[in-house]
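Student:
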Amino acid sequence: MINKIGKITLYVNNQEEAKEFWTKKLNFLVKFEQNMGPNMKWVEVGPSESEFTTFVLYDKNLMKNQNKDANVLHPSVILSTSDINSTYSELKGNHVEVGEIMKMPYGSMFSFKDQDGNEYLVREDKY
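Sequential numbering from 94 applies to the sequence shown in the working numbering.
1) Using a Cβ distance threshold of 8 Å, determine whether the stretch 212-219 contacts the stretch 166-178, with at least three qualifying pairs required.
2) Taking C-alpha atoms, which residue in 150, 130, 129 lies nearest to residue 139?
3) Which residues does DSSP pair with residue 104 in a beta bridge?
4) Is it right to say residue 116 is buried, meaning 16 or more other beta carbons lie within 10 angstroms of its own, or is it exposed?
5) List the whole-angstrom C-beta distance separating residue 177 from residue 201, where the pair is believed to meet the contact cut-off of C-beta under 8 Å.
6) Write down the C-beta distance between residue 145 and residue 220 rounded to the nearest angstrom, noting that I regard them as a contact closer than 8 Å.
7) Which residues does DSSP pair with residue 125 in a beta bridge?
8) Does the beta-carbon distance from residue 161 to residue 105 come in below 8 Å?
9) Report the three-state DSSP secondary structure of residue 174 (helix, strand or coil).
10) Which stretch, first to last residue, makes up the beta strand (DSSP E) that contains residue 212?
11) Following the continuous beta strand (DSSP E) through residue 203, name the residue where it begins and the one where it ends.
12) Just confirm the distance between the C-beta atoms of residue 174 and residue 96, as a whole number of angstroms; I'd bet it's less than 8 Å.
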């Protein structure tokens, strides 16, 4: 099942400016940073090395190009599990509306909707 609140995606106008804000003004650490292809970078910041939950600083325009219906006006919540297949089966068995499991370079994940149609992601993480 879901073990942790893993990541909260903040949609930003400029990743470098956002990274500077969180690291220089709030003293967060860059916990993960990786180029994900041309013009795309995955950046995660957190308050300490031991804190599991991070903010993902994601470019608004890239998200809109990837999904024109994405709501980039508010943060996106990514929940964490250590077993994506078991969690997927459990939620589906509980009659939760789930999307397909996506295999991404940075991990496997799937979306689900709550009773009001709000969408969340579940990602497999190793802790």
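Every residue gets a Cβ at the ideal spot worked out from N, C-alpha and C, and that includes glycine.
Tutor: For this structure:
1) Touching, yes.
2) 150
3) 151
4) exposed
5) 5 Å
6) 7 Å
7) 137
8) Not closer than 8 Å, so no.
9) strand
10) 212-217
11) 200-206
12) 6 Å
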